[in-house]
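Presented below is the structure to which this report refers.
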Amino acid sequence: MSSLDEKISRAETRIFKAVFPNTTNHYDTLFGGTTLHMMDEVAFITATRFSRLKMVTVSSDKVDFTHPIPGGTLVELIGRVARVGNTSLQVRVELFVEQMYSEERVKAVSGLFTFVAIDEQKRPVSILGHPEPTQQFK
C-alpha cells in the first residue's frame, strides 16, 4: 500500500447519530437540509484529516436520496477521500440508516463533496506539496 493509499485509509471518517423528532419533517423522516448538513460535516472532517490543512467546501454533487430515514432510527455517515488533486479533493459520503432494535441496515443517501485547501489569505494551496494531480480513487 502506498503512502497516499495509507493516508486515504486513515482519513476515513465514521459518525453515528440518532434521528430525533427535532430533526424530522412533517413526514417523520429526517429533514433533507439536516441530512446535507451532516454529510458536509463528515466530508469536511474527512478532508481535514487527510490534508491537515484549512479546507472549504466548494461544491456538493449528485446527492442521491434513495431511501427514507425515519425518526427513531440510527444513521451512520461514512466519509472517504475519492479523488485528490493539486489544491482540491473530493470526498464521497454515504449515509446508512439502521433500525434501533433490529439488524436492518440500508444505504439511504450518497453524495460527493469537493473541497479546496486554502492559506491564511484564503488562496488555494497545494494539498500534497506538488503541482501535479494524483490519481482518482473509488
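Under the UniProt record's numbering, the letters of the sequence shown match residues 1 to 138, in that order. Backbone N, C-alpha and C define an ideal beta-carbon position, used for all residues, glycine too.
Check: Under the three-state DSSP convention, the category Ile69 falls into; Outcome: coil
Check: Stretch pair the region 115-127 + the region 47-56: three plus CB contacts closer than 8 Å; Outcome: yes
Check: At least three beta-carbon pairs within less than 8 Å, the region 98-118 to the region 35-48; Outcome: yes
Check: Residues bridged to Ala18 [DSSP beta-bridge criterion]; Outcome: Leu74
Check: Helix, strand or coil at Phe115 [DSSP, three-state]; Outcome: strand
Check: Boundaries of the alpha helix (DSSP H) in which Leu4 is found, first to last residue; Outcome: 3-11
Check: Expected contact under 8 Å - CB spacing of Arg92 and Ala82 to nearest Å; Outcome: 4 Å
Check: Best match in Asp5, Thr87, Phe96 for proximity to Leu77 [C-alpha to C-alpha]; Outcome: Phe96
Check: First through last residue of the beta strand (DSSP E) which encompasses Val125; Outcome: No beta strand (DSSP E) contains Val125, which DSSP labels as neither H nor E.
Check: Extent of the continuous beta strand (DSSP E) run through Leu53; Outcome: Per DSSP, Leu53 belongs to no beta strand (DSSP E) and is neither H nor E.
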